[in-house]
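Protein sequence lines, in the order shown, are assigned to chains A and B. Everything in the first sequence is counted per numbering that gives the first Met the number 0, starting at 0 for the first residue and increasing by one. Everything in the second sequence is counted per numbering that gives the first Met the number 0, starting at 0 for the first residue and increasing by one.
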Amino acid sequence: MSDAIGQEQRYDNERGARGQRLVLVSFAISMLASAGLIVFYVFSGWTQVEGVLLGLALGGLGIGMIAWSTDVLQIPDHVEDRAELRSSEEARATAESLLDSPGITRRTMLLRLLGGAGGLLAAALVVPALSLGPHPGQSLFRTKWRRGSRVVDADGNLLRPDYIGIKSITTIFPEGHVGSGDSQAVLMRVDPESLQLPPDRKNWTVEGIIAYSKVCTHAGCPVNLYRSQARELLCPCHQSTFNVLDGGQVVFGPAKRPLPQLPLMVDDEGYLAARGDFSGPIGPSFWDIHKND
Amino acid sequence: MKTEERKLDLIAKSKRQREWLDERLGSASWAVKGMRYVFPDHWSFLLGEVALFCFVILVATGIYLTLFFRPDSTEVIYHGSYAPLDGQEMSAAYKSVLDLSFNVRMGLLFRQMHHWAANIFVTSIILHQMRVFFTGAFRRPRELNWIIGVTLLILAIGLGFTGYSLPDDLLSGTGLRIAYSVVLGIPFIGPWLAYLLFGGEWPTPATISRLFVFHVMLLPALIIALIGAHLLLIMRQHHADFPGPGKTERNVVGQPAWPSQALKSTGLMLIVFAVIAILGGLVQINPVWAYGPYRAWVVSAPAQPDWYVGWLEGSLRLFPAVEFSITKWFTWPTIFAPSVLVPGLVFLVMYMYPFIEKRFLTHDYAEHNLLDYPYSVPARAGIGMAGFTFGFVLTIAGGNDVLAQVFNISIYEMTWILRVAAIVGPIVVGYAAAKLAEALQREGLGVFRSHQPGLQLRRNAEGGFEEVGEH
Ligand code: FES
């Protein structure tokens, strides 16, 4: 485009004619495609064809307009002066003096009151936002597991210890709460001899069956990958890895807190059940997560 | 003759209409100004326009989608036309997306166009911003528009995230779960804020309907307002241009708004639409039926979000576990730094850059209407490329599990390589870019000729660049 500067502009007839042909063809394609789209819509519904036809209808029009703008019009470049952005000193001074209206700027007390009233009003208008959700209270520290809650799988089936294999993990919930976001846990069987749990958790497992919260302590994804050889639980989101044998300690990755353990027992009817809630708050950390410690 | 008369009559009539308007608005004089407004011409100036056009088609297709989508978490049993999910429990929101995709004629096309447009929207904003950055277009008098631009980028990412989370599928549900945890991890206010935003402890029935309000109302309204301000400022200050014959700091050279630029921009807009339509028709995007409905205890691996949130995902994956407690009353959650501080710092530096550069690097406080070249200010080139590399490494780190498979190494090795690359990569690339810019200034493009003992860049395994010394 810069060739226009300082040179005489002449209309290139050949280019103009070529451009005109291009515009014609493009617009014709566009019209055909639009008509085709209407017909196609009525008779079928095939996303690929719809997309291509719509694309041709739009693109034909677009290419035609650009060819019209450049080849047919051939408008030489224009030069426009940039106006000075800043105002004149006079205008500035006038604005200053107008702004400094004594009835406003000298009334310090009224101004303070105005500010105070405005601030209070803003606060009063923000307060209703508190209706948007409950106060967390203790809810982040508790789940649905209670002493005696029976263990069920994702389909609601009660589980007996002998159902649990050593290769895989089972997602479990407290009976009556299948799908609960904070109570979900994983259950797996390991060699009881290999466990290295803290002394106070000695009776939290049943024949090597052990359960942990399924909510990752990093960002809350479900920890659903199990390396049965290494006895490690792996979170697929950011690869935090937890050791099943030593109480869910972090082996690798961005999580820091161990997975909370669910104390297990067998109830009178021989089903797996919980001895109580998890060993600590489940899921990602927050600032006062240790306040109950 | 008859038609000729009618034509003249029509012309006279429409002229009278314009006079009517002018008597009420004085429209002729500002129309003259508008039509004579001059647009400088360079392909890179079109990137911002592409973003604008993407937004237009986002609104257009978005309105259509809104007519079918139901922001409703109520559980329903599916018995629709997608057989593999028959009999499954899912939210009414997810079902409405399935119905839109399988039962509404052209519904899938518009949905896929909407998603493609969202990706291209953010992409073109970032490319536009890089153009503005490397040509120094953010310098006085355009600092305000840079600030508006950074804000628009943040809002666009938010718009994209809230949008692709709406279908309530397994993939996006997991992303939302992480977002909830990020809010939860903010010191002092996190738990309360998360409960206020999401309506309680995850998963909540309010999530989808609230996201919907953000996605179709609050964020678009803000974006429209800021796009308006962005364009107003451009009109007031005029577009900057590269130096060239006849171009000075005090003039603008280019095509007038009417007729050439109007035709050209409309044409470009239609071509952007066309590309999006063809992509939407031919290239599948976000097949939510394949992911299945969201369930709090299920997750799909590997899960990759839309590309522009990949860097946040990567930050979460790479950042080492730092969590400590000061008494039982305060804990610093491991998630806080990578998810809030890292992006916060990135955007803060972006906001401040025009002022940082003036104050510490160039000491150039003058008004500039002629653009720099990317090599004009070596320090700027270095900082820009360093920032780009940082974002790049984080983005590919968002798929570190996939990368580990590709390179056949363990995920742990991959993570360590990327951790190092995220620190060393920006330094090396930034330094090399600054040196290259200096060389380009000294010797022009000759620096690329082989006999020149200059610098060469080679891409390394981590996707960064390394300098191959002088030979
Ligand atoms: S959520 Fe499990 S590693 Fe991040």
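Glycine is no exception: its CB is placed at the ideal position from the N, C-alpha and C atoms.
- Taking 8 Å as the cut-off, one finds at least one heavy atom of the ligand FES near enough to the beta carbon of Ala218/A.
- Counting the other CB atoms within 10 Å of its CB gives Thr46/A a total of 16 or more, which places it among the buried residues.
- The ligand FES has a heavy atom closer than 8 Å to the beta-carbon of Ile177/B.
- Residue pairing of Arg226/A in beta bridges, as defined by DSSP: Glu231/A.
- Per DSSP, the continuous alpha helix (DSSP H) segment holding Pro219/B begins and ends at Leu218 to Gln236.
- For Leu231/B, there are no C-beta contacts with chain A under 9 Å, since the nearest C-beta of that chain is about 14 Å from it.
- Shown here for Gly291/B: same chain residues with a beta carbon closer than 6 Å to its own, the five before and five after excluded, namely Leu169 in chain order.
- Put simply, of Lys12/B, Arg5/B and Ile56/B the residue whose alpha carbon is nearest the alpha carbon of Leu267/B is Ile56/B.
- Taking a Cβ-Cβ threshold of 8 Å, the residues of chain B close to Met64/A are Leu262, Lys263, Thr265, Gly266 and Leu269, in chain order.
- Residue pairing by DSSP places Asn250/B opposite Asp80/A in a beta bridge.
- DSSP places Gln19/A within a helical segment (H, G or I) once states are collapsed to three.
- For Lys327/B, the nearest beta carbon of chain A is closer than 9 Å to its own beta carbon.
- Look at Ala254/A: its beta carbon is less than 8 Å from one of the heavy atoms in the ligand FES.
- At least 9 Å separates the CB of Asp85/B from every CB of chain A.
- Taking the C-beta atoms as reference points, Arg17/B is found nearer than 9 Å to Ser26/B.
- Residues of chain B whose Cβ lies closer than 7 Å to the Cβ of Leu72/A are, in chain order, Pro258 and Ser259.
- In the structure shown, Leu244/A adopts coil according to DSSP, grouped into three states.
- By the neighbour-count definition (other C-beta atoms within 10 Å, threshold 16), Asn407/B is an exposed residue.
- Against chain A, the CB of His237/B has a partner CB under 9 Å away; the residue lies at that interface.
- The three-state reading of DSSP puts Gln137/A in coil, since its state is none of H, G, I, E or B.
- The beta carbons of Tyr374/B and Leu439/B sit closer together than 9 Å.
- Its Cα nearest to that of Ile422/B, the residue Gly386/B stands out among Arg441/B, Gly386/B and Val405/B.
- Around Phe318/B, the beta-carbon contacts reaching into chain A at under 7 Å are Pro253.
- Distance check between Gly148/B and each of Ile222/B, Pro244/B and Asp40/B places Ile222/B closest, using alpha-carbon atoms only.
- Distance from Val205/A to Pro160/A at the Cβ level is roughly 5 Å; contact confirmed, criterion being Cβ atoms closer than 8 Å.
- In this structure, Arg141/B keeps its C-beta atom at 9 Å or more from the C-beta atom of Ala365/B.
- Annotation: Trp144/A has no Cβ neighbours in chain B at a cutoff of 9 Å; minimum Cβ distance is about 15 Å.
- Per DSSP, reduced to three states, the secondary structure at Glu412/B is helical.
- It is roughly 13 Å from the alpha-carbon of Arg379/B to the alpha-carbon of Val348/B.
- Apart from the 5 residues on each side of it in sequence, Leu20/B sits with its Cβ closer than 8 Å to the Cβ of Ser26 in its chain, given in chain order.
- Under the 9 Å criterion on CB atoms, Gln238/A is classed as interfacial with respect to chain B.
- The Cβ-Cβ distance between Tyr211/A and Leu232/A falls below 9 Å.
- Taking 9 Å as the CB threshold, Thr122/B stays off the interface with chain A.
- When the Cα atoms are used, Arg110/B and Pro197/A turn out to be separated by approximately 54 Å.
- Taking a beta-carbon distance threshold of 9 Å, Gly219/A counts as an interface residue toward chain B.
- Counting other Cβ atoms within 10 Å of its Cβ, Thr73/B stays below 16 and is therefore classed as exposed.
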